[in-house]
Amino acid sequence: RVTRGLAALKPGDQVGLRGPFGRGWPLQEVSGCDVVLVTGGLGCAPVVSVIHYVLRRRERFGKLVIIQGVKHAEDLIWREQYDHWAKLPDTQVLVAADEGAAFWPWHVGRVTELFGLASFDPKCAVAMMCGPEGMMHAAAESLLARGLPESRLFLSMERNMQCAVGRCGHCQFGGAFVCRDGPVFNWGEVKSLKSHRGF
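Written as structure tokens, this is what we have:
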């Protein structure tokens, strides 16, 4: 409905926006750190703003590591953008597809298999993840094994949000509401819920 409504707009039509709601990426708190972005599938879309934020303020951050995983090689969007980012100083791009293709120049396998190639200092790094919850769980475990503390692992927990103020319950996540208390949570907040249905 929303996409059709936006497509039907004409120049000069008015659009109302609500927000931002909830809690976003902790960009102010991670100044001086290496930034590791782990995304799966279309989880790359919500993280592009973080990439642009870091690149526009390059002097405030250490290395930028972008790790993207897709199910099928054909699923990768913004291929040219990944190629561009890979050429930038202090920026590393690692891409994996569970199923490759003849044209696929990157890794074939799980995205977590790339973590051994990622160049960052676990003592001064922060990881931000967005994508399928199973992938984020596996990524968090791999990053913890690399030495990142759970307080510096952040996950964007997407849920079907309706009211955006924590009243309707559509986005309830344990005792939290994604619209009000998230969508970004640190691993310490998420790990106790990982055995519940939906994670």
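Everything in the sequence shown is counted per our numbering, starting at 16 for the first residue and increasing by one. Just so you know, even glycine gets a beta-carbon here, dropped at the ideal spot from N, CA and C. These numbers come from a predicted model, not from an experiment.
Using a Cβ-Cβ distance cut-off of 8 Å, the region 166-181 and the region 190-209 are in contact, since at least three pairs of beta carbons, one from each stretch, lie closer than that value. Ranked by how close their Cα comes to the Cα of K86, the residues S207, G149 and S134 have G149 in first place.
Under DSSP, the beta-bridge partners assigned to T54 are Q83 and C145. Annotation: the region 108-168 contains the following complete segments of the beta strand (DSSP E) (minimum length 3 residues), in chain order: 140-145. Where V199 is concerned, the enclosing beta strand (DSSP E) starts and stops at V199 to N201. Counting along the chain, the unbroken alpha helix (DSSP H) around H67 starts and ends at V63 to R71. By the neighbour-count definition (other C-beta atoms within 10 Å, threshold 16), R71 is an exposed residue. Under the criterion of beta carbons closer than 8 Å, C145 and G58 qualify as touching, at roughly 4 Å. When C-alpha distances from V199 are compared across P26, L32, L42 and Q29, the shortest belongs to L42. The beta carbons of G124 and D90 sit no closer together than 8 Å. DSSP, read as helix, strand or coil, puts S207 in helix.
Here the alpha carbon of D28 sits roughly 26 Å from the alpha carbon of A60.
Q187 is bridged by DSSP to F192. Straight-line spacing of the CA atoms in A112 and V17 works out to 31 Å.
Looking at the backbone, the Cα of S171 and that of E156 are separated by about 16 Å. About 36 Å separates the beta carbon of A88 from that of G47, a gap too long to meet the 8 Å contact definition.
Around R75, the same chain offers S46 as residues with beta carbons nearer than 6 Å, after the five sequence neighbours per side are excluded. Annotation for R94: the continuous alpha helix (DSSP H) segment containing it runs R94 to A101.
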